[in-house]
Amino acid sequence: MVVMNGEICPAPHVVKRHSIATSAFMAYPGGSLGTVYPGRTFFFSPPGLPAMSGEFEELIRPETDIPEVTVHYPVAGGDPHSLAGSITAKCRGLVIAAFGCGEIPDLLVPVIEQTAARGICVVVSSRVAGVGVMPETMTLREADNVLPSGHLNPQKSALLLALGLAAGHNPRDVFTNFGSEG
């Protein structure tokens with residue numbers, strides 16, 4: 512849990528919604544869990560542990576090697592050369608910060624499919640504030656190495672993918688378990 516601006520938020524859902532406002536942070540999706548006032552704490556519902564609480568605790572050690580995950584923001588029309596060039600030999604994951612609910616320019620689709628065919632996990636997210644990318648809304652078809660981010664923005668998707676890969680977990684299982692929280 513995270514407490515900011517007097518609101519108790521589930522840590523996995525905290526997002527920054529404004530660059531300079533004092534109330535810049537909020538919980539999405541779902542909203543806050545409660546409020547904090549001087550000397551008093553109120554929960555709207557009983558607090559509980561997130562589905563993946565402690566799952567990546569062993570990765571805190573400095574010697575842990577976290578895999579490289581690239582985040583790509585497509586532009587109108589797409590640039591397949593820019594995308595292909597951003598995927599290095601050490602890259603183990605790719606997050607696409609797509610438009611809307613997972614739309615990707617047609618010119619990029621072959622490069623992304625080739626990337627997934629090489630065994631690199633591709634997660635499709637969205638650059639909009641209220642992220643919602645489901646299998647049925649994204650341009651790419653869900654496959655072994657192509658996953659929707661659900662409600663996770665590109666930054667959180669990249670972090671979760673990198674941690675899941677570092678822990679040796681199947682990315683599909685990680686995103687499914689994390690998504691079960693809402």
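In terms of our numbering, the sequence shown opens at residue 512 and continues consecutively.
C-beta atoms are modelled at their ideal positions from N, C-alpha and C, and glycine is treated no differently.
Note that the structure is predicted; figures quoted are calculated from it, not measured.
Going by beta carbon distance, what residues of the same chain come within less than 8 Å of D576, once the five residues before and after it are set aside?
Taking the first residue of the sequence shown as position 1, residue 576 is located at position 65. Correct list, in chain order: A677.
Cβ pair P578, A669 closer than 8 Å:
If you number the sequence shown from 1, residue 578 lands on position 67. If you number the sequence shown from 1, residue 669 lands on position 158. Going by C-beta atoms, P578 is not nearer than 8 Å to A669.
Closest residue to V586 among G542, I607, G679 (Cα-Cα distance):
Translated into the one-based positions of the sequence shown, residue 586 becomes position 75. Selected option, being the one with the closest Cα: I607.
Minimum length 3: unbroken beta strand (DSSP E) runs contained in the region 589-673
602-609, 632-637, 657-659
Taking the alpha-carbon positions, what's the F553 to V526 distance?
Translated into the one-based positions of the sequence shown, residue 553 becomes position 42. Translated into the one-based positions of the sequence shown, residue 526 becomes position 15. About 22 Å.
What does the Cβ neighbour count give for T687, buried or exposed, with the cut at 16 atoms within 10 Å?
Start at 1 with the first residue of the sequence shown, and residue 687 comes out as number 176. Per the 10 Å Cβ criterion, exposed.
By a C-beta neighbour count over all protein chains shown, 10 Å radius and 16 as the cutoff for buried, is F555 buried or exposed?
As a working mapping, residue 555 is identified with position 44 in the sequence shown. The residue is exposed, with fewer than 16 neighbouring Cβ atoms inside 10 Å.
Inter-stretch contact (C-beta, 8 Å, three-pair minimum) for the region 589-596 and the region 611-620:
yes
Counting only the same chain and skipping the five closest in sequence on each side, list residues whose C-beta sits under 6 Å from that of R634.
For the purposes of this step, residue 634 is identified with residue 123 of the sequence shown, where counting begins at 1. First, the amino acid is wrong: residue 634 is Val here, not Arg. Hits under 6 Å: V606, L658, S660, S668, L672.
Comparing C-alpha positions only, which one of G675, P682, V685, N681 sits nearest to L570?
Locating residue 570 in the sequence shown gives position 59, where the first residue counts as 1. Of G675, P682, V685, N681, the residue nearest in Cα terms is G675.
Coarse secondary structure for F686, derived from DSSP in three states
Stepping through the sequence shown from its first residue, residue 686 is reached at position 175. Three-state DSSP puts F686 in a helix.
Work out the CA separation of C612 and T648 for me, nearest whole Å.
As a working note, residue 648 is residue 137 in the sequence shown. As a working note, residue 612 is residue 101 in the sequence shown. Near 6 Å, if we compare the C-alpha coordinates of C612 and T648.
Could you pull out every residue in the same chain whose Cβ sits closer than 8 Å to the Cβ of A535, ignoring the five residues on either side in sequence?
For the purposes of this step, residue 535 is taken as residue 24 along the sequence shown, with counting starting at 1. Taken in chain order, the residues that qualify are K527, R528, H529.
In this structure, how does DSSP classify E579 when only helix, strand and coil are distinguished?
In the sequence shown, counting from the first residue as 1, residue 579 sits at position 68. Looking at E579 - three-state DSSP - the assignment turns out to be strand.
State the beta-bridge partners of Y548 as determined by DSSP.
Walking along the sequence shown from the start, residue 548 turns up at place 37. Answer is R551.
Terminal residues of the continuous beta strand (DSSP E) containing V513?
Position 2 of the sequence shown holds residue 513. Run containing V513: 513-515, per the beta strand (DSSP E) assignment.
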